[in-house]
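Shown next, in structure tokens, is the structure this report addresses.
Residue numbers (my numbering): 48 to 766.
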């Protein structure tokens with residue numbers, strides 16, 4: 048299909064391709080959505096949204112405290128769409144991230160003047176602004192009767208390093224505007240908090256005990272209340288110049304539609320102990336503060352990488368931000384304190400810190416110039432290294448899950464990136480427990496060559512790394528969606544780059560050995576993976592433990608993992624690179640890249656649960672990520688679902704293959720991700736999208752490695 052050149056590249060534009068085939072028996076019709084991309088120099092991240100845009104974009108505000116706590120508020124006032132929505136989901140452990148506990152779910156508000164009560168809702172909202180650092184402000188014009196109104200702003204923010212949120216409620220002066228109520232007439236602001244006490248993965252059922260227990264756990268104070276559901280935690284809610292009126296109410300079966308879509312219990316109960324009230328004249332403010340205190344004192348400390356708030360910022364609009372500026376702000380939300388060092392929250396609202404996610408994210412931190420944070424994260428994970436293994440995921444202090452073949456390899460790559468950014472090898476001498484970083488990376492390499500205790504082992508003949516089932520980022524199990532047991536392609540690309548890094552950093556005779564192994568890996572990849580008739584690399588050479596690579600069976604699944612062979616320079620032949628990029632075009636969607644192409648395969652992939660076949664093994668593509676986890680979402684997760692974090696790798700590979708002439712195309716493709724940042728969780732990228740149009744965002748609203756990879760590759764292309 049040929050299209051005429053587009054005269055205007057300043058905005059993206061949607062269109063529909065309508066195809067009609069006139070056959071003797073009947074006319075066939077097909078429509079396909081098209082997206083004309085904007086040039087990168089016209090792309091920005093928005094900070095201000097009108098009411099009409101708020102209802103269309105499912106906007107969320109994310110606030111964090113650098114300690115693992117979270118504020119996740121819908122921009123539509125009072126709306127709850129998920130069990131993870133909360134004004135305050137606290138992390139009660141000051142030492143490391145743990146499962147968050149929701150104690151303050153939402154606040155509903157009213158304005159009262161001379162007996163006239165108006166709910167403060169979407170109908171009163173003029174606009175919403177955010178500074179990009181997790182602080183948001185709602186701008187209202189609220190009727191007070193007799194044709195007059197008041198202008199009110201409500202700014203929400205999360206405190207640094209504490210389990211605390213603050214809401215600044217400010218009534219603007221009327222000045223000379225006669226349509227506004229005169230400043231001398233006070234209005235009464237009423238705020239009713241809805242509270243819970245649950246781990247964020249769970250729901251509240253009043254009849255199971257809270258209905259009897261929680262009312263007795265409320266203690267009134269002069270300007271608020273304290274909720275003490277357990278001796279190790281309590282919620283304190285107070286308002287400056289405010290009063291608290293006890294008036295308990297229960298709200299049963301509050302429906303959360305996102306959980307219904309995910310096949311989970313969508314209904315949870317809410318308890319409101321009473322309401323806060325404050326009289327506001329024109330130009331006056333009240334600050335409502337909610338704090339979760341753990342033990343005998345407030346949790347947290349004064350250390351954090353997050354933003355320290357100053358005075359409220361009541362600007363009615365913020366100018367759009369340039370992409371790199373916005374992405375650097377986004378990264379701050381994922382870096383958290385873990386003991387004496389730093390770690391990374393893989394995604395909000397439900398992930399904690401994961402090995403591979405943290406190390407991939409660290410590359411973005413380095414690109415953003417945050418080398419100190421990158422050092423701390425690498426030292427933290429270097430201390431966790433044992434016999435060539437790194438934790439796959441961390442729950443509290445439990446680092447025992449080491450079922451990953453790629454996390455150790457990403458550790459090599461992140462160390463390489465840091466050393467290159469700093470222009471010296473000093474980091475190799477950094478203390479990492481009883482060893483240096485240099486000793487950690489060389490010990491890890493030797494363990495992988497000899498065979499790590501988790502089953503990852505180098506095949507001597509090919510120098511390729513064997514990976515047990517479910518050890519890569521495509522790790523769904525129970526049912527097994529993408530086992531990839533054998534020799535996955537990206538593991539070999541990572542191993543090649545790790546070996547080159549070892550050769551660069553090893554001044555001893557070992558340099559020759561690492562280079563020789565790297566060349567062996569490159570040769571084996573070219574010989575065993577490239578499917579000449581198809582024009583792309585096999586995703587995996589499948590085999591059981593002990594199977595040599597040359598006897599493993601290559602599949603023909605078209606997946607994006609082969610892009611790492613280009614970006615990590617295991618493939619430098621531009622003709623092969625162009626062939627891979629052309630094949631992977633089938634995977635592209637706006638803002639993300641599919642995990643599997645929608646096409647038949649010769650190497651079958653059967654997904655079986657409880658003895659029942661869930662998919663078509665010869666066409667395993669699954670285009671919608673919704674429904675029950677075990678029978679609907681897991682089969683789709685890595686078999687057609689589109690991922691945001693891997694699209695930047697396509698753009699990076701495009702630039703490496705096409706050079707400077709390919710930059711505009713690579714940046715335009717990369718820029719398609721910004722529309723996702725301007726929707727949903729503002730300033731952040733969703734984890735995944737449906738592979739099928741209209742490519743609805745799914746999974747986590749804010750995913751760390753999506754933002755970091757976008758920043759890292761944008762930084763490469765924009766310079």
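Ideal Cβ positions, reconstructed from N, Cα and C, are used throughout, including at glycine.
Of the listed residues the options, nearest to residue i (C-alpha basis)
i	options	result
residue 90	368, 340 and 82	368
residue 337	727, 154, 602 and 573	154
residue 361	129, 199 and 79	199
residue 501	481, 449 and 675	449
residue 734	373, 157, 171 and 688	688
residue 100	766, 483 and 726	726
residue 285	271, 141, 278 and 340	271
residue 246	216, 260, 269 and 280	280
residue 388	253, 139, 637 and 143	143
residue 182	507, 118, 429 and 532	118
residue 289	636, 124, 261 and 335	335
residue 620	167, 473 and 705	705
residue 278	253, 230 and 340	340
Cβ shell of residue i (< 7 Å), same chain only, five flanking positions each side left out
i	result
residue 327	218, 233, 234, 236 and 333
residue 352	For residue 352, the pLDDT reaches just 36, beneath the cut-off of 50, and the residue's location in the model is therefore unreliable, leaving the point undetermined.
residue 681	523, 526 and 528
residue 585	536, 576, 578, 601, 602 and 603
residue 315	130, 250, 251, 301 and 303
residue 608	535, 536, 537 and 586
residue 718	84, 85, 87 and 90
residue 386	142 and 143
Residue i versus residue j - alpha carbon distance
i	j	result
residue 94	residue 365	5 Å
residue 202	residue 175	10 Å
residue 598	residue 588	9 Å
residue 189	residue 258	35 Å
residue 722	residue 640	15 Å
residue 345	residue 243	Residue confidence for residue 345 is low, a pLDDT of 47 falling below 50, so the modelled location carries little weight; the figure read from the coordinates is stated next. If you take the alpha carbons of residue 345 and residue 243, they lie about 19 Å apart.
residue 137	residue 555	50 Å
residue 323	residue 330	20 Å
residue 71	residue 645	29 Å
residue 417	residue 488	22 Å
residue 256	residue 309	27 Å
residue 730	residue 750	11 Å
residue 760	residue 179	20 Å
residue 673	residue 679	6 Å
residue 758	residue 697	14 Å
residue 122	residue 215	16 Å
residue 373	residue 755	11 Å
Residue i, buried or exposed, once every other Cβ within 10 Å from all chains shown has been counted against 16
i	result
residue 523	buried
residue 312	exposed
residue 226	exposed
residue 120	buried
residue 303	buried
residue 494	buried
residue 427	buried
residue 76	exposed
Close beta carbons around residue i, own chain, < 6 Å, minus the five adjacent residues each side
i	result
residue 753	691, 692 and 732
residue 319	239, 241 and 296
residue 211	338
residue 709	701 and 702
residue 457	403, 406 and 407
residue 266	273
residue 401	393 and 440
residue 283	273 and 338
residue 173	186 and 188
residue 115	138, 144 and 383
Own chain residues within Cβ distance below 8 Å of residue i, not counting five before or after
i	result
residue 539	511, 512, 568, 571, 572, 576, 612 and 617
residue 581	603, 605 and 630
residue 349	Residue confidence for residue 349 is low, a pLDDT of 35 falling below 50, so the modelled location carries little weight; the figure read from the coordinates is stated next. Here the set comprises 207 and 208.
residue 741	80
residue 662	652, 653, 654, 669, 682 and 686
Any chain C beta carbon closer than 8 Å to residue i
i	result
residue 484	No chain C appears in this structure, which consists of one protein chain only.
Segments assigned beta strand (DSSP E), at least 3 residues, entirely inside the segment 310 to 390: Segments of the beta strand (DSSP E) lying fully in the segment 310 to 390: 314 to 327, 332 to 341 and 382 to 385.
In chain order, which continuous runs of the alpha helix (DSSP H) of length 4 or greater are located wholly inside the segment 566 to 648? Look at the segment 566 to 648 and you find these whole runs of alpha helix (DSSP H), each 4 residues long or longer: 610 to 614 and 621 to 631.
Runs of beta strand (DSSP E) wholly within the segment 66 to 146 (minimum 3 residues, chain order): 74 to 83, 95 to 97, 107 to 111, 117 to 121 and 133 to 137
Within the segment 219 to 303, ranges of the alpha helix (DSSP H) (whole runs, at least 4 residues): 257 to 260
Whole beta strand (DSSP E) runs in the segment 386 to 471 with 3 or more residues, listed along the chain? 388 to 391
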